[in-house]
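Read in order, the letters of the sequence shown correspond to residues 1 to 131 in full-length UniProt numbering.
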Amino acid sequence: MLDHIFLTVSDTERSIAFYERVLPILGITNRHDFDGHDGPPGHPDLKGFGAKGRVFFWLRQGEVAPSAVHVGFVAESAEEVNTAYAEAMAAGASEIHPPGPQLHYDPRYYAAQVRDLDGYTLEFVYKSWQH
1 MLDHIFLTVS DTERSIAFYE RVLPILGITN RHDFDGHDGP PGHPDLKGFG
51 AKGRVFFWLR QGEVAPSAVH VGFVAESAEE VNTAYAEAMA AGASEIHPPG
101 PQLHYDPRYY AAQVRDLDGY TLEFVYKSWQ H
């Protein structure tokens, strides 16, 4: 199980605004900022998102590498996938594939994929057999 991920973004404030619109749909509502000066030398400032008392998705300023990262976010239903996709598109994401079954994985695998403002691929996914 993963504990956290850092995503390097080109403009943290712009990315915070994007993720603050999209992630609450998926139940990710906690926000926390970490001042890099409180860490070891060279530690970056971090902008965190999480749920249920945990912060696990962090943004940091820097040079983006969109082809290096794909983030899959758990959705609790197909409707939640649809809503997250719609909100991401409204917030400026670009479409990779609209919501629907991903038959190449499993007929019960329902997902949508977008590129965020820096080009990272985000997937909102509902796997009915895991709920």
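Backbone N, C-alpha and C fix where the C-beta goes; we use that ideal spot for every residue, glycine too.
Tell me the residue span of the beta strand (DSSP E) that contains residue i.
i           : result
residue 8   : 5 to 9
residue 91  : That residue, residue 91, is in no beta strand (DSSP E); it is neither H nor E in DSSP.
residue 110 : 109 to 115
residue 32  : 30 to 34
In this structure, how does DSSP classify residue i when only helix, strand and coil are distinguished?
i           : result
residue 125 : strand
residue 103 : coil
residue 53  : coil
residue 77  : coil
Compare the beta carbon distance of residue i and residue j with 8 Å and say whether it is the shorter of the two.
i           : j           : result
residue 157 : residue 72  : The structure shown does not extend to residue 157, since the chain is modelled only from 1 through 131, so no value can be given for it.
residue 63  : residue 8   : yes
residue 59  : residue 10  : no
residue 65  : residue 25  : no
residue 81  : residue 126 : yes
How would you write the range of the alpha helix (DSSP H) that residue i sits in, first residue to last?
i          : result
residue 22 : 12 to 22
Using a 10 Å radius around the Cβ and a threshold of 16 neighbouring Cβ atoms, would you call residue i buried or exposed?
i           : result
residue 103 : exposed
residue 41  : exposed
### Query
Are there three or more Cβ pairs, one per stretch, closer than 8 Å when the region 21 to 34 is compared with the region 49 to 66?
A contact exists between the region 21 to 34 and the region 49 to 66.
### Query
Contact between the region 107 to 118 and the region 69 to 87: three or more CB pairs below 8 Å?
Contact between the region 107 to 118 and the region 69 to 87 is established, with three or more Cβ pairs separated by less than 8 Å.
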